[in-house]
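Trainee: Note that this note's numbering has the sequence shown beginning at 333, numbered continuously upward.
Just so you know, even glycine gets a beta-carbon here, dropped at the ideal spot from N, CA and C.
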Amino acid sequence: MTERQAPLTAACLRCGTELVPRKHGHVFCSSLCRHRGELGPDERTVADPDLVARLFDDGRDPDDRVRGDEWHPSPDSEFPELDAGDTLAQRRKWYRNLRREGLA
Numbered sequence: 333m334t335e336r337q338a339p340l341t342a343a344c345l346r347c348g349t350e351l352v353p354r355k356h357g358h359v360f361c362s363s364l365c366r367h368r369g370e371l372g373p374d375e376r377t378v379a380d381p382d383l384v385a386r387l388f389d390d391g392r393d394p395d396d397r398v399r400g401d402e403w404h405p406s407p408d409s410e411f412p413e414l415d416a417g418d419t420l421a422q423r424r425k426w427y428r429n430l431r432r433e434g435l436a
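1) Name the DSSP bridge partner or partners of arginine 432?
2) Counting pairs of beta carbons, one from the segment 395–403 and one from the segment 372–387, are three or more of them closer than 8 Å?
3) Does arginine 399 come out as helix, strand or coil in the three-state DSSP assignment?
4) Sort His358, Leu345 and Phe360 by Cα distance to proline 373 and report the nearest one.
5) Does the distance from the CB of aspartate 396 to the CB of leucine 414 come in under 7 Å?
6) DSSP three-state call for leucine 387: helix, strand or coil?
7) Would you mind reading off the limits of the alpha helix (DSSP H) that contains cysteine 365?
8) For leucine 371 versus cysteine 361, is the C-beta spacing smaller than 7 Å?
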């Protein structure tokens with residue numbers, strides 16, 4: 333009996349998101365990233381997948397306030413006290429908007 337191997341992953345050439353290529357040469361995570369084109373590795377901003385998973389955890393109430401260790405597009409923000417007032421729903425929307433634009 334043969335063991336099933338984990339699929340090989342690749343990083344999107346636009347945003348750096350890990351993906352499982354559907355076919356040989358598949359290097360973009362979405363058609364939006366493909367149409368926007370490749371970015372150099374130093375130009376990409378890759379969100380920590382664990383922080384994003386925790387942000388979108390179904391067990392959390394969207395009206396709860398974010399914690400200091402939640403996902404933030406600029407972790408070294410000059411205004412952490414202003415961002416601390418965000419709800420999970422607001423931060424999720426912020427992430428989705430940046431992701432749609434290819435910036436997160």
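Mentor: Put simply:
1) None, per the DSSP bridge assignment.
2) Yes, they touch.
3) If DSSP states are grouped into helix, strand and coil, arginine 399 belongs with coil.
4) If we check each option's Cα against that of proline 373, Leu345 comes out closest.
5) Result no, Cβ atoms of aspartate 396 and leucine 414 do not sit closer than 7 Å.
6) In the structure shown, the three-state DSSP call for leucine 387 is helix.
7) Counting along the chain, the alpha helix (DSSP H) containing cysteine 365 begins and ends at 363–368.
8) At least 7 Å separates the beta-carbon of leucine 371 from that of cysteine 361.
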